[in-house]
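**Student:**
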Amino acid sequence: MSKIIYGDSIIEIKQFKSESVHLILSDIPYGISFEEWDILHSNSNSALLGKSPAQEKSSLFKKRGKPLNGWSEADKKMPLEYYQWCSKWAPEWFRVLKPGASCFIFAGRRFAHRCISALEDAGFIFKDMIAWQKDAAAHRAQNVSVVFNRRNDTQNEEKWDGWKIGNLRPLFEPILWFMKPYKIGDTLTDNIIENEVGGYNEKAIKRNPLLNQGIEVCSNIIKCKAEKSDRGLHPAQKPIALMKYLIELTTIEGQIVLDPFCGCGSTLQAAKELNREYIGIEINYDYYKVVTERLK
Ligand SMILES: C[S@@+](CC[C@H](N)C(=O)[O-])C[C@H]1O[C@@H](n2cnc3c(N)ncnc32)[C@H](O)[C@@H]1O
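Note that the sequence shown ends on residue 300 in my numbering; no numbers are left out.
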């Protein structure tokens, strides 16, 4: 039953039976031009995708990610184009899930709201935004005074000493929690009897090792560190412990967990370790080979 599919999930998912999946857990492309697979806009602004001298040296940020000289009309359309991209697959995700089933999406802070709107428009209920608190995060922010120094502008260098251009260190990632509504006329407990989904398992979470970190039981903050074994297979690899937490929260053994953007297969590995069935779809052949090897 468990399988890994090499292909485009927007097409492949159309073959899946309706109401056959118990949980979708996916770390979708964030649309922030992180890697080639993350470019989901038609903007060919070379400044946006180009490199600066700092990027040439950086092993982390290959692309500038922001336009150089202000925001063009094409730059400003990127959030809308992200919404349009999410709208291509959201109705199929809705169709394949069982009524009352959960869908967790890692969607990035900048465009998460567009993903939420696309899923709501496809029929989902947006339940909550969980904060995944990380132990470390790559950060880029430039010292303004350094730029003035390069321009030999001493007056402004002193005036703007201590100021930065950029974001604060991104130590949390949002996990969007959606639910497919259950049938009109049913209560949630009727739905649990019929479809075996709809609640969350507090008992399982109370014994989860991630909890011994000063965070209240079953709060919507999950503190989870990426272990050494959670790195090196994919640039967006997610910790197995975190995926296990979300799977145990919403499913029981034997149920089906789907990840339509599976990367190197962290969701699938976690599902396998918890005796759930898994289905993963990956469009990049190299990652498909990595996940196939990993799941052997
Ligand atoms: C954010 S990464 C997922 C990483 C994953 N969480 C892990 O731990 O490895 C998203 C993945 O989606 C894949 N992808 C992008 N568009 C796709 C599509 N239409 N169908 C299937 N996979 C796709 C990319 O190749 C990339 O590996």
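A virtual CB, placed ideally from N, CA and C, is assigned to each residue, including glycine.
Quick caveat, the model's predicted, so the values are computed rather than measured.
Relative to the C-alpha of phenylalanine 108, which candidate in Tyr87, Lys248 and Thr191 has its C-alpha closest?
**Tutor:** If you number the sequence shown from 1, residue 108 lands on position 104. Considering only alpha carbons, the answer is Lys248.
**Student:** Would you call glutamate 162 buried or exposed, if buried means 16 or more other Cβ atoms sit within 10 Å of its Cβ?
**Tutor:** Here residue 162 is taken as the residue at index 158 of the sequence shown, counted from 1. Glutamate 162 comes out exposed.
**Student:** At the level of alpha carbons, what is the spacing between glutamate 177 and tryptophan 136?
**Tutor:** Counted from its first residue, the sequence shown places residue 177 at position 173. Counted from its first residue, the sequence shown places residue 136 at position 132. Between glutamate 177 and tryptophan 136, the C-alpha separation is close to 5 angstroms.
**Student:** Give me the residue from Met82, Cys119 and Trp75 with the minimum Cα distance to serine 91.
**Tutor:** Here residue 91 refers to the residue found at position 87 of the sequence shown. Among Met82, Cys119 and Trp75, the Cα nearest to that of serine 91 is on Cys119.
**Student:** State yes or no: is the C-beta of tryptophan 41 nearer than 7 angstroms to some heavy atom of ligand 1?
**Tutor:** Taking the first residue of the sequence shown as position 1, residue 41 is located at position 37. It does: the Cβ of tryptophan 41 is within 7 angstroms (strictly closer) of some heavy atom of ligand 1.
**Student:** Within its chain, find whatever has a CB closer than 8 angstroms to the CB of isoleucine 9; leave out the 5 residues flanking it on each side and keep chain order.
**Tutor:** Translated into the one-based positions of the sequence shown, residue 9 becomes position 5. Cβ neighbours of isoleucine 9 beyond the five flanking positions: Glu16, Ile283, Gly284, Ile285 and Glu286.
**Student:** If you compare alpha carbons, which of Met133, Glu252 and Trp41 is closest to glutamate 206?
**Tutor:** Within the sequence shown, the letter at position 202 stands for residue 206. Nearest option by C-alpha distance: Glu252.
**Student:** Is histidine 301 buried or exposed, if buried means 16 or more other CB atoms sit within 10 Å of its CB?
**Tutor:** Missing from the structure shown is residue 301; the chain here goes from 5 to 300 and no further.
**Student:** Give the straight-line distance between the Cα atoms of alanine 275 and leucine 27, rounded to the nearest whole angstrom.
**Tutor:** As a working note, residue 275 is residue 271 in the sequence shown. As a working note, residue 27 is residue 23 in the sequence shown. Looking at the two C-alpha atoms, the distance is approximately 10 angstroms.
**Student:** First and last residue of the beta strand (DSSP E) that includes methionine 133?
**Tutor:** If you number the sequence shown from 1, residue 133 lands on position 129. Segment 129 to 137, the beta strand (DSSP E) holding methionine 133.
**Student:** Roughly how many angstroms lie between the CA atoms of threonine 296 and glycine 166, to the nearest whole one?
**Tutor:** By 1-based counting over the sequence shown, the position of residue 296 is 292. By 1-based counting over the sequence shown, the position of residue 166 is 162. Approximately 48 angstroms, taken between the alpha carbons.
**Student:** Can you tell me the Cα-Cα spacing of tryptophan 127 and serine 121, whole angstroms?
**Tutor:** Residue numbering aside, residue 127 sits at position 123 when the sequence shown is read from its first letter. Residue numbering aside, residue 121 sits at position 117 when the sequence shown is read from its first letter. For clarity, residue 127 is glycine in the given sequence; the question names tryptophan instead. About 10 angstroms.
**Student:** Threshold first: 3 residues or longer. Then list the beta strand (DSSP E) segments lying entirely within the region 223 to 277, N to C.
**Tutor:** For the region 223 to 277, whole beta strand (DSSP E) runs of length 3 or above, ordered along the chain, are 225 to 227 and 260 to 263.
**Student:** In whole angstroms, what separates the C-alpha of valine 100 from that of alanine 140?
**Tutor:** What you label residue 100 is simply residue 96 of the sequence shown in a count that begins at 1. What you label residue 140 is simply residue 136 of the sequence shown in a count that begins at 1. Their Cα atoms are separated by approximately 35 angstroms.
**Student:** Would the beta-carbon of aspartate 31 fall within 8 angstroms of that of phenylalanine 265?
**Tutor:** Position 27 of the sequence shown, counted from the start, is the residue given in the question as residue 31. Position 261 of the sequence shown, counted from the start, is the residue given in the question as residue 265. Going by C-beta atoms, aspartate 31 is nearer than 8 angstroms to phenylalanine 265.
**Student:** Tell me the rounded alpha-carbon separation between histidine 238 and aspartate 42.
**Tutor:** By 1-based counting over the sequence shown, the position of residue 238 is 234. By 1-based counting over the sequence shown, the position of residue 42 is 38. Approximately 13 angstroms, taken between the alpha carbons.
**Student:** Answer with buried or exposed for lysine 242, where buried requires no fewer than 16 other C-beta atoms within 10 angstroms of its C-beta.
**Tutor:** In the sequence shown, the residue the question calls residue 242 occupies position 238. Its Cβ being crowded by 16 or more others within 10 Å, lysine 242 is buried.
**Student:** Can you tell me whether asparagine 224 is buried or exposed? The criterion is at least 16 other CB atoms within 10 Å of its CB, across all chains shown.
**Tutor:** By 1-based counting over the sequence shown, the position of residue 224 is 220. Asparagine 224 should be labelled exposed.
**Student:** Between which two residues does the beta strand (DSSP E) harbouring alanine 145 extend?
**Tutor:** Numbered from its first residue, the sequence shown carries residue 145 at position 141. Here the beta strand (DSSP E) through alanine 145 covers 145 to 147.
**Student:** Check each candidate in Cys268, Arg211, Leu175 and Tyr87 and name the one with the smallest Cα separation from tyrosine 292.
**Tutor:** Counting from one through the sequence shown, the residue named residue 292 turns up at place 288. Closest by alpha carbon: Cys268.
**Student:** Could you give the first and the last residue of the continuous alpha helix (DSSP H) run that contains phenylalanine 98?
**Tutor:** The sequence position of residue 98 within the sequence shown is 94, counting from 1. Segment 82 to 100, the alpha helix (DSSP H) holding phenylalanine 98.
**Student:** Whole angstroms is fine: what's the gap from asparagine 171's alpha carbon to glycine 189's?
**Tutor:** Locating residue 171 in the sequence shown gives position 167, where the first residue counts as 1. Locating residue 189 in the sequence shown gives position 185, where the first residue counts as 1. Their Cα atoms are separated by approximately 47 angstroms.
**Student:** Which residues share a DSSP beta bridge with methionine 183?
**Tutor:** Here residue 183 refers to the residue found at position 179 when the sequence shown is read from its first residue. Per DSSP, Ser106 and Ile129.
**Student:** Would you identify the three-state DSSP class for tyrosine 204, choosing helix, strand or coil?
**Tutor:** The residue you call residue 204 lines up with position 200 of the sequence shown. In this structure, tyrosine 204 counts as coil in the three-state DSSP scheme.
**Student:** Tell me whether leucine 84 is buried or exposed, calling it buried when 16 or more other Cβ atoms sit within 10 Å of its Cβ.
**Tutor:** On the sequence shown, residue 84 is found 80 positions in, with the first residue counted as 1. Classification of leucine 84: exposed, given that the 10 Å Cβ count is below 16.
**Student:** Alpha carbons only, please: which of Met82, Tyr289 and Leu272 is nearest the one belonging to serine 6?
**Tutor:** Start at 1 with the first residue of the sequence shown, and residue 6 comes out as number 2. For serine 6, the nearest C-alpha among the options comes from Leu272.
**Student:** Can you give the Cα-Cα distance for isoleucine 260 and arginine 280, rounded to whole angstroms?
**Tutor:** Your numbering for residue 260 matches position 256 in the sequence shown. Your numbering for residue 280 matches position 276 in the sequence shown. For isoleucine 260 and arginine 280, the distance between alpha carbons rounds to 6 angstroms.
**Student:** Consult DSSP for proline 178 and reduce its assignment to one of helix, strand or coil.
**Tutor:** Your numbering for residue 178 matches position 174 in the sequence shown. Here proline 178 sits in strand by DSSP.
**Student:** Under 7 angstroms: does the beta carbon of lysine 138 sit that close to some heavy atom of ligand 1?
**Tutor:** As a position in the sequence shown, residue 138 is number 134, starting the count at 1. Flag unset: Cβ of lysine 138 not near ligand 1.
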